[in-house]
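The structure appears below as structure tokens.
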Amino acid sequence: MSQSLYAADTTAELALAGDLTRPARLTVPDLLAWPQHEADVSFECATSGIQHHRFTGPLLHDVLSAAGPVFDPARRKDRLRFLIAVSGADGHHALLSWAEIDPDFGRAPVLLAATIDGTPLDRAGAQLVLPQDRCGARHISGITSIRVDGGYTSWA
Ligand SMILES: Nc1nc2c(c(=O)[nH]1)N[C@H]1C(S)=C(S)[C@@H](COP(=O)(O)O)O[C@H]1N2
Ligand SMILES: [Mo]
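Residue numbers are given in UniProt numbering: position 79 of the sequence shown equals residue 79, and the series is strictly consecutive.
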């Protein structure tokens, strides 16, 4: 295999899928097209103790909003039934609610990080960064898919 093919094969890509008008496949270089934010985070891991990292990348809210979630953006209540499912290449996954990252509700400054400690994540893939989390478990690395799901409409 040539070097160029090898390089292409190892550039990680993530799928934005689900209830979106503009589903997309994004690489880490694609994430640099959005306004970049920086977060210095400390989190605790049950197995490896306290970790410190500096991440940069766009806000998850900016990237998902650009993909056009199928709610009426003018109606705040319409957004409350939406979930965001984030999955890593190893199958690790977590759910966020849309309201958690929405500026009108939880306003969590969650990043879709493109660099960690100054190193681009082009090959490893984007990483979820939740500066508000005490525990590291939701800092999902090697993200392969983010699914937006507004199907939770069945409560009475
Ligand atoms: N893809 C993936 N991301 C993951 C995990 C995992 O198992 N798979 N573990 C999480 C947990 S439990 C912690 S504490 C942090 C660890 O971050 P570190 O590798 O910088 O210590 O990654 C999180 N992200
Ligand atoms: Mo952990």
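We put the beta carbon where it would ideally sit given N, CA and C, even for glycine. Bear in mind the structure is a predicted one, so any value in this text is a computation, not a measurement.
Asked, Found
"Got a sec, what are the start and stop residues for the beta strand (DSSP E) residue 53 sits in?", "49–57"
"Of all the options 37, 81, 132, 87, which has the alpha carbon lying nearest to the alpha carbon of residue 17?", "87"
"Near residue 70, what residues of its chain come up, given a Cβ to Cβ distance below 8 Å and the 5 sequence neighbours on each side ignored?", "19, 20, 21, 150"
"Using the C-alpha atoms, what's the distance from residue 79 back to residue 100?", "11 Å"
"Is it buried or exposed, residue 42, if we count other Cβ atoms within 10 angstroms and call 16 or more buried?", "exposed"
"May I have all residues whose beta carbon comes closer than 7 Å to any heavy atom of ligand 2, sorted in chain order?", "45, 46, 47, 48, 135, 136, 137"
"Rounded to the nearest angstrom, how far is the Cβ of residue 112 from that of residue 31, given a contact under 8 Å?", "6 Å"
"Given the structure, does residue 84 come close to ligand 1, in the sense that its CB is under 6 Å from one of the ligand's heavy atoms?", "no"
"I'd like to confirm something about residue 132: is its beta-carbon nearer than 6 Å to some heavy atom of ligand 1, or not?", "no"
"Consult DSSP for residue 85 and reduce its assignment to one of helix, strand or coil.", "strand"
"Which same chain residues end up closer than 7 Å to residue 121 when comparing Cβ atoms and leaving out the 5 residues on each side of it in sequence?", "28, 113, 114, 115, 127"
"Considering only the alpha carbon of each residue, which of 106, 118, 94 lies closest to residue 143?", "94"
"Among residues of its own chain, excluding the 5 on either side of residue 147, which ones have a beta-carbon nearer than 7 Å to its beta-carbon?", "17, 18, 85"
"Note the first and the last residue of the continuous alpha helix (DSSP H) segment covering residue 102.", "Looking at the DSSP string, residue 102 is not in any alpha helix (DSSP H), and its letter there is neither H nor E."
"Does the Cβ of residue 140 lie closer than 6 Å to at least one heavy atom of ligand 1?", "yes"
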